[in-house]
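Taken in order, these protein sequences are the chains called A and B. Numbering-wise (the working numbering), the first sequence opens with residue 33 and increments by one. Numbering-wise (the working numbering), the second sequence opens with residue 33 and increments by one. Note that the Cβ used here is the ideal one computed from N, Cα and C, for glycine as well. Some notes on the structure that comes next.
There are 2 protein chains.
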Amino acid sequence: MTSPGKKRNSEILKNANLRQTHPRLAVLDALMEADIPITRQQIAEHLSDSAPDKVTIYRVLECLIKKGIVHKAFMKERTAFFEMAHNCSKTQCHPHFTCTSCRKTVCIKNAKMPLAEINEQGFAIKHQKVELEGLCPECNS
Amino acid sequence: MTSPGKKRNSEILKNANLRQTHPRLAVLDALMEADIPITRQQIAEHLSDSAPDKVTIYRVLECLIKKGIVHKAFMKERTAFFEMAHNCSKTQCHPHFTCTSCRKTVCIKNAKMPLAEINEQGFAIKHQKVELEGLCPECNS
DNA sequence: TTTCACTTGCAACTCAGTTGCAAAAAGCGT
DNA sequence: ACGCTTTTTGCAACTGAGTTGCAAGTGAAA
């Protein structure tokens with residue numbers, strides 16, 4: 033449990049002006065190691081015995097999202113998937129691709145997407161999210 | 033209840049090889065009249081006294097989605113929003129814009145979005161969904 | 001009109017996420 | 001280190017969208 037990211041997570045909290053607490057460091061650790069969007073349940077499983085209460089995990093996530101450290105990436109089967117925001121630009125997350133056959137979701141970090149342009153006046157686009165569906169390489173062969 | 037769309041809805045079911053039933057026609061009617069994505073609850077409210085059971089509405093929607101007549105447009109606050117698919121191309125729905133201030137969502141039917149390009153080999157993109165967030169004209173002034 | 005597969009409605013259930021509140025602990029000044 | 005204040009945590013109970021099983025109802029083909 034002395035992973036190299038431990039110090040960085042503590043740094044993240046400090047920069048965001050948040051108290052250093054076990055649940056916050058633990059949730060950050062789980063999200064960092066996963067490196068793909070995961071659910072609250074997967075966060076708890078990753079932390080197993082030292083996992084905070086589920087309410088706490090939700091509250092920690094809410095707080096980290098508010099600070100822009102974490103994103104709610106997407107919903108699948110009525111369940112939210114969270115990921116670290118450090119691979120996203122300010123206005124746009126990388127797209128997520130879900131395979132309609134095996135139902136796995138992967139991050140497409142290198143896809144380039146222009147921001148949508150709205151013809152009507154007055155809209156200020158702050159954030160764009162792209163979801164892709166289709167067949168992944170494994171199911172497509 | 034003799035709206036001009038009644039016959040069209042019946043036609044839709046016939047073309048899809050689905051039985052003509054009250055719940056199916058009613059759900060189609062509600063979605064047609066709304067012309068924006070709505071929830072199962074809003075469908076029921078639209079139909080008020082003649083609304084089918086909520087389970088039936090979900091099953092009708094599921095069936096219409098399978099036939100490509102209806103789309104699950106997006107989720108907001110853990111609730112699914114459904115819309116007629118006739119404003120969407122095969123590979124892409126029009127984007128939906130949600131205002132972060134008033135929480136209203138509108139369809140952006142005239143926005144042009146190219147399909148994402150994935151550099152890695154083997155992915156077959158079947159469908160792309162774009163969600164936008166920001167300030168709507170009313171909240172932006 | 002009969003028949004049968006497909007649909008519907010009801011009741012009971014599931015389960016992700018939320019709320020209220022009392023107990024714990026982070027961080028500050030002393 | 002030691003209180004003190006404020007923020008955070010954990011528990012239990014709740015909420016509400018969506019699902020499941022099953023018996024009763026209905027569309028449409030023969």
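Subject >> Chain-order list of residues whose beta-carbon lies under 8 angstroms from that of B/L63 (same chain, five-residue window excluded) >> reply: The residue you call residue 63 of chain B lines up with position 31 of the second sequence. Only I70, I75, V102, F114, E115, M116 meet the Cβ criterion.
Original post:
Under a CB-based cut-off of 8 angstroms, is B/M33 close to chain A?
Top reply: Taking the second sequence and counting its residues from 1, one reaches residue 33 of chain B at position 1. Residue placement at B/M33 is flagged as unreliable, the pLDDT there being 43, under the threshold of 50; the coordinate-derived value follows with that caveat. For B/M33, the answer is no, since every Cβ of chain A falls outside 8 angstroms of its Cβ.
Original post:
Do you know how far the Cα of B/E152 is from the Cα of A/C168?
Top reply: For this step, residue 168 of chain A is matched to residue 136 along the first sequence. For this step, residue 152 of chain B is matched to residue 120 along the second sequence. Answer to the nearest angstrom: the Cα atoms are 10 angstroms apart.
**OP:** Could you tell me how far apart the beta carbons of B/A243 and A/V162 are, in whole angstroms, since I believe they sit closer than 8 angstroms?
**Re:** The question about residue 243 of chain B has no answer, for chain B in this structure spans 33 to 173.
**OP:** Can you have a look at A/T137 and say buried or exposed, based on whether 16 or more other CB atoms are within 10 angstroms of its CB?
**Re:** For the purposes of this step, residue 137 of chain A is identified with residue 105 of the first sequence, where counting begins at 1. Around the beta-carbon of A/T137, 16 or more other beta-carbon atoms lie within 10 Å, marking it buried.
**OP:** List the residues of chain B whose Cβ lies closer than 9 angstroms to the Cβ of A/N142, in chain order.
**Re:** Reading the first sequence from its first residue, position 110 is the one you call residue 142 of chain A. Those are I150, N151, E152, listed as they occur along chain B.
Original post:
Which residue from A/N142, A/H54, A/L45, A/A66 puts its Cα closest to that of A/D81?
Top reply: Residue mapping note: residue 81 of chain A aligns to position 49 of the first sequence, counting from 1. Closest option to A/D81, Cα to Cα, is A/H54.
Original post:
chain B beta carbons: is any one of them nearer than 8 angstroms to that of A/C95?
Top reply: If you number the first sequence from 1, residue 95 of chain A lands on position 63. By this cut-off, A/C95 is not an interface position.
Subject >> Presumed contact (8 angstroms Cβ cut-off) between B/K99 and B/L50, rounded CB distance >> reply: Indexing the second sequence from 1 puts residue 99 of chain B at position 67. Indexing the second sequence from 1 puts residue 50 of chain B at position 18. With a Cβ gap of about 7 angstroms, B/K99 and B/L50 count as contacting.
**OP:** Check whether the Cβ atoms of B/G154 and A/H159 sit closer than 8 angstroms, and answer yes or no.
**Re:** Taking the first residue of the second sequence as position 1, residue 154 of chain B is located at position 122. Taking the first residue of the first sequence as position 1, residue 159 of chain A is located at position 127. A distance of 8 angstroms or more separates the beta carbons of B/G154 and A/H159.
Original post:
Can you tell me whether A/R40 is buried or exposed, with buried defined as 16 or more other CB within 10 angstroms of its CB?
Top reply: Sequence index remark: in the first sequence, residue 40 of chain A carries index 8 (1-based). Residue environment analysis places A/R40 among the exposed positions, since fewer than 16 neighbouring C-beta atoms fall within 10 angstroms of its C-beta.
Original post:
Could you give the distance in angstroms between the alpha-carbon of A/M107 and the alpha-carbon of A/T88?
Top reply: Against the first sequence, residue 107 of chain A aligns to sequence position 75. Against the first sequence, residue 88 of chain A aligns to sequence position 56. Looking at the backbone, the Cα of A/M107 and that of A/T88 are separated by about 20 angstroms.
Original post:
Under three-state DSSP, which class holds A/T71?
Top reply: Locating residue 71 of chain A in the first sequence gives position 39, counting from the first residue. Three-state result, A/T71: coil.
Original post:
In three-state terms, what does DSSP make of B/T123?
Top reply: In the second sequence, counting from the first residue as 1, residue 123 of chain B sits at position 91. The three-state secondary structure of B/T123, taken from DSSP, is coil.
Original post:
For the alpha helix (DSSP H) that contains A/L96, what are its first and last residues?
Top reply: The residue you call residue 96 of chain A lines up with position 64 of the first sequence. 86 to 98 is the extent of the alpha helix (DSSP H) around A/L96.
**OP:** Kindly indicate if chain A contains any beta-carbon less than 8 angstroms away from that of B/L60.
**Re:** Start at 1 with the first residue of the second sequence, and residue 60 of chain B comes out as number 28. Not closer than 8 angstroms to any Cβ of chain A, the Cβ of B/L60 fails to qualify, so no.
**OP:** Check the Cβ-Cβ distances between A/A120 and every residue of chain B, and say whether any is below 8 angstroms.
**Re:** Indexing the first sequence from 1 puts residue 120 of chain A at position 88. The amino acid occupying residue 120 of chain A in the given sequence is Cys; Ala does not appear at that position. Taking 8 angstroms as the threshold, the shortest C-beta distance from A/C120 to chain B does not fall below it.
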